[in-house]
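Structure follows, in structure tokens:
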């Protein structure tokens, strides 16, 4: 049941992989009311229950089951306080643009606007300070008489989210990082359901390629860890080299990444200092008391064979990342293994946490 | 049926994972006769068929089924021309030592003697020139009246075999390599059967740790690519830095490795030159016409998503390695993905090919 | 923290598969305090955290982490109100006997005493009326001055639990059943961890055999659905024929079973009546308000392709069973597919729910 | 290279799952020349290598790589001696009809004409005597001056092929069968590639439903084991009850089926007689010396846990079936587990063996 103070939330692409996760996370959410569900014209008009091929381990939330699915138009979503987009990239561009140009607040999981210099690309455990730009935009718009200015915020690619959290924590503690190599072993849920990864292609197999993924992992990391320029555009880090190799493995949820890296500074921390900095790391959603914020942003695991996707992906409901096997590298300074839940902190959950942060800042 | 000119082959650890593979490869072999099968005292006395829990996709070869299993003693194997050892490390040390000190030729998959400076550690597609030391030892022993001198040759760790083949090919073509990073995704057959990898640990999971594997991968590469010192000991490369991260994935056979590397020389080859050098690479077993030698040592795959374990591991019966996704690196010079069959060229098959090389050189 | 009124619970075999699940279920339990953890002498003396190779998706509960592991002796567990046994059958017999003969209340997952005519074999969603025998035993013992009489109650084999719940519901509604065929597809967690199912044996495979399973499934069903004889022994149904075929599949948790069956009566219910009877089914733990009792004992799924292990095993925390594909059979009356969580309602959870029922009846 | 006496073979649906298998089996075939490859208009005009997303473990045969893909029209395939169809059911109907009505010999894996009373539905290890009808049709057509009469023969559904082979063998030896229950665990390759089974749906899961499969398994068995009526139509067995339950499991290739059955006769064979009858079973392709005919039609396995898909599916190149766990049933007479390779004897290989039989009979 919707509380008096709840914000009305819309979900675009509600029948897809990311959309289903948005619905699960929003259904019981204290701050948001599941208000509009959008999908393709093929689904529009049906109840959500009839429109969706549900593939989550929890059952379809009651509050979603009988909601009527609508088309993804600005008009249909006009009275939403926030719109979460789980649209595929081939349709997200036009739909999202029309919405944020017409006064809607869009938080998108699609890649279309991530590279825009004026659009914040936010991993909520890392760079919510990039939302300052949004705050200034809103203020400026209101000073010009626009009551409800629209804008878009993008969350990152799923494999990026896992990588930048520990890198940001360490960079904050010990200064900038010059080199990063990362090899990912990514879950099949990251590919969505249409078409997704074919069982015949992943059973007893690894696919050492995900289209566009390595490039995204490399430049998104630079934008997320970068600064805000004087003109309120985002300035990707230019002096950090990132080399990524991406693989798809037979895991349902949870991206595992083997990382090695080097600090710029010659004054290297010890292993224990690295671990402590990761454990001590706090992010704005934690400080704001956001309801989905992880208790601990980064769990440091001491067992030699952890983190593992099946065992560790659900720490703090999938909003925390887990780092293990922290040890010296033979080429760079350190290496470690990081695990993140690709459909929570790496996708839908990231969008939710961005919205909670906006709410916590009074921007929504 | 054993041919007149066939060499008598013994297999130690015949009921284990590597032993079963030795038996499959030897059963139809033109050069070897399956002559003695050794296992623990628990199995000794039984027919092989009754002693083994057979887990191969081909059925137990007829020539092995009714062979009586014996204990792994020098006496039992005394009249073997060559003994292939698939023993576990905890028992291999003493058994193998007694054998090679008493005139037997041992080719071992165990790790126990790999680091010995005087023992060749051979990947047959790479460093059969290290067998020159054996040739000189035999000559020297015979000149001292020892008719049948014993010795041991080790094959490498399974994950090493895949890495060194393309590195050796490129090093031969373009000079030494200074930096190598490698992240492996290794098949569960590499862990053997006792205890092996538990299904509950690997289903819907990745285990980012294999005990001792990273160290082996780092130093074995240096020894295999190293030179023979003046005293006929082996001198590992000291100026090549290797950083390894090893993972176990839900794949039955076939180790996949993501590699990036840098040449010492500033005169870099082009991508096409790199591919051509890999395609042109030839090894001694090919030149000798060894019966198990791959037609092509290295297959260069142009499809963006290959090699894949399930599709490519059996190229040339598992004796070839496959390299794909050759592309520039953002930190070092190049990166690629290499696949090798861990129980063929990475274990038992490697031992067979070493024996064939000895035979081709007239040393057996 | 232990509440004033909590019962002290011991766990035997605490480091094993079933033991770990007992600990998870007891750690946050309102009625029980995790009081004693028993394991082999190899683990005794260590903290639980150090003794266990933890393999659950939730982390080790705080209340268990630093508990000292003790040996499984009657003396160590003497002041437990109830002892849950997750021991392997090869050691359970002697340990459990000594305990229940010396005044301890043992609820066991081991098979050793299941066939004893005087020992209740209880699936808590089905035959808690068999606990009447225990109530009478306690009363009789007390009347003879035994303050705290010991006894043992067994929970069923994991594959039995799933089968008997819908059969009992239908038998209650429409009279006795004459024929049952069942083919199971069982999860690997059912095999425990030592040795458990080897990854190499189950990846890309099905193993059509589980030692002793078919016999257990056939006779346990008869005992659980049977009556109490005049002498308070248990009288298995003698006129119901059960034919079972058991398979192990690549699923982590959740046993799926394809069932067809025939009622004795010629007056057959309709499909809709069958569904309604399953939906309406209530068991004693529900009526007593036991804290782990499922909201709904049996979920009837209407989607054509459900239940599925990954999607449906956690309904009501794994304490409910799911039935789908209810349709007429071409040989018997009806067929359906039933799913149950093998380590919850099929093992540890069943023990917990038995204990809650005893508590609800005032027997503990 | 095509031999002088080789028949020209066409493949319809050449880029699909079944088509790829046809190509693998035909490429090295002594009797057939890979002559025409047909696919959708999207692929037509491309070389096969460029048109196909190849997913087989063997590489694309040389003889297929540069063949130009054509559209699936009668004109394009007019000079083929035999056309193998791997088309999807939604397009197979019209294309195949046009071909067999215009003088082409079509052997189809599609389901469209299987139920036609005048079309033979053939499992080549079972009912090649149904091809007598084709022989008579050809003779009759030729007597009417039609030189090259067209016709269609269907192979069975993949799950049917495994079931009917042992049932036919036992029925031949011990008389008719009255009751059969079968529960299948089917490989994902059986679902093809477009869309096929999604990895997210099958990993750590079983799907207890395959659309239309149970019905097919039930009536196809009756037609294949049935007789030829006086008017040369096929008369399905009417007095054998078959009850099927079909499941999809995480296996790449190989359908496993748990079967129980009852003979009509009260004079039951012993277990040993059943095993012997299975071992002794011979089919026409064996008697004709067809090149793909299995050495042994049915392998009887004595190990308690066999057959297993990964270990046994490739017996006799996938043209044999394996039967294990033969034991008395508690309801019917006997039960057993049967394994068949769904893409060989259950699909493409079945088509090849039918063509070889036609050839062996002089009908092609």
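Chains as they are written, first to last, in the working numbering: chain A, 109 to 472; chain B, 109 to 472; chain C, 109 to 472; chain D, 109 to 472.
Note that the Cβ used here is the ideal one computed from N, Cα and C, for glycine as well.
Just so it is clear, the structure is predicted and the values come from calculations on it, not from any experiment.
Task: residue 190 of chain B beta carbon less than 9 Å from that of residue 145 of chain B - done: At a Cβ-Cβ threshold of 9 Å, residue 145 of chain B and residue 190 of chain B do not count as neighbours.
Open item on the list: Could you check whether the Cβ of residue 250 of chain D sits closer than 9 Å to any Cβ belonging to chain A?
Closed with: no
- [ ] Could you tell me which residues DSSP puts in a beta bridge with residue 370 of chain D?
- [x] D:287
- [ ] Could you tell me whether any Cβ in chain B is nearer than 9 Å to the Cβ of residue 310 of chain C?
- [x] yes
Open item on the list: I want to see whether chain C comes within less than 9 Å of residue 125 of chain D, judged by CB atoms only; does it?
Closed with: no
Task: Beta-ladder partner(s) of residue 179 of chain C, from DSSP - done: Its beta-bridge partners are C:147.
TODO: Could you check if residue 452 of chain A is buried or exposed, using at least 16 other CB atoms within 10 Å of its CB as the buried criterion?
DONE: buried
Task: Identity of the residues DSSP links to residue 173 of chain D by a beta bridge - done: According to DSSP, residue pairing for residue 173 of chain D in a beta bridge does not occur.
TODO: For the alpha helix (DSSP H) holding residue 244 of chain A, just list the boundary residues, first then last.
DONE: 240 to 251
Open item on the list: Measuring only the C-alpha atoms, how far is residue 141 of chain B from residue 158 of chain B?
Closed with: 21 Å
TODO: With DSSP collapsed to three states, give me the class of residue 452 of chain C.
DONE: Note: residue 452 of chain C maps to helix in three-state DSSP.
Open item on the list: Do residue 324 of chain A and residue 267 of chain A have their beta-carbon atoms positioned less than 9 Å apart in this structure?
Closed with: yes
Task: CA nearest to the CA of residue 368 of chain B, picked from B:132, B:437 and B:342 - done: B:437
TODO: Identify each residue in the stretch 158 to 172 of chain C for which the Cβ-Cβ distance to at least one residue of chain A is less than 9 Å, and report them in chain order.
DONE: 162, 163, 164, 165, 166 and 167
- [ ] Reducing DSSP to helix, strand and coil, say where residue 439 of chain D ends up.
- [x] coil
- [ ] Output, in chain order, the set of chain C residues within a Cβ distance shorter than 9 Å of residue 422 of chain A.
- [x] In chain order: 165 and 166.
- [ ] State whether the stretch 418 to 435 of chain B contacts the stretch 388 to 402 of chain B, with contact taken as three or more CB pairs (one from each stretch) at a distance under 8 Å.
- [x] yes
Task: Selection from B:327, B:162, B:294 and B:164 that minimises the alpha carbon distance to residue 272 of chain B - done: Looking at the Cα atoms, B:327 is the closest of the given residues.
Open item on the list: For residue 341 of chain C and residue 233 of chain C, I'd like the C-alpha separation in whole angstroms.
Closed with: 20 Å
- [ ] Report the rounded CA-to-CA distance for residue 408 of chain B versus residue 444 of chain B, giving the unit in angstroms.
- [x] 10 Å
Task: Whole-angstrom distance between residue 358 of chain B and residue 294 of chain B, CA atom to CA atom - done: 8 Å
Task: residue 238 of chain A classed as buried or exposed, judged by whether at least 16 other C-beta atoms fall within 10 angstroms - done: buried
Open item on the list: Given this structure, state the Cα-to-Cα distance separating residue 336 of chain A from residue 261 of chain A, to the nearest angstrom.
Closed with: 15 Å
TODO: Drop a sphere of 10 angstroms on the beta-carbon of residue 465 of chain C, count the other beta-carbons inside from all chains shown, and report buried for 16 or more, exposed for fewer.
DONE: buried
Task: Three-way DSSP call (helix, strand, coil) for residue 297 of chain D in this model - done: helix
Task: Close beta carbons around residue 166 of chain B, own chain, < 7 Å, minus the five adjacent residues each side - done: 132
Open item on the list: Give me the subset of the stretch 406 to 419 of chain B whose CB atoms are less than 7 Å from a CB atom of chain D, sorted by chain position.
Closed with: When C-beta distances to chain D are compared with 7 Å, the residues of the stretch 406 to 419 of chain B below that value are 418 and 419, in chain order.
Open item on the list: Using 8 Å as the cut-off, can you tell me whether the stretch 379 to 387 of chain D makes contact with the stretch 456 to 465 of chain D, which would need three or more C-beta pairs spanning the two stretches below that distance?
Closed with: Segments in contact, no.
Open item on the list: Comparing C-alpha positions only, which one of C:300, C:316 and C:305 sits nearest to residue 291 of chain C?
Closed with: C:316
Task: Within 8 Å of chain B by C-beta, residues of the stretch 423 to 439 of chain A in sequence order - done: Cβ contacts with chain B come from 432, 433, 437, 438 and 439.
Open item on the list: If the criterion is Cβ atoms closer than 9 Å, does the pair residue 280 of chain B and residue 396 of chain B meet it?
Closed with: no
Task: Close-in-space but distant-in-sequence residues of the same chain around residue 203 of chain B (CB under 7 Å, 5 per side omitted) - done: 120, 180 and 195
Task: C-beta atoms of residue 213 of chain A and residue 264 of chain A nearer than 9 Å - done: no
Task: Residue closest to residue 375 of chain C, alpha-carbon to alpha-carbon, out of C:284, C:333 and C:349 - done: When each option's Cα is compared against that of residue 375 of chain C, the closest is C:284.
TODO: Could you tell me whether the Cβ atoms of residue 269 of chain C and residue 406 of chain C are closer together than 9 Å?
DONE: With respect to the 9 Å criterion, residue 269 of chain C and residue 406 of chain C are not classified as neighbours on the basis of their beta carbons.
Task: Neighbouring residues, chain B, relative to residue 287 of chain A (Cβ below 7 Å) - done: Those are 439, listed as they occur along chain B.
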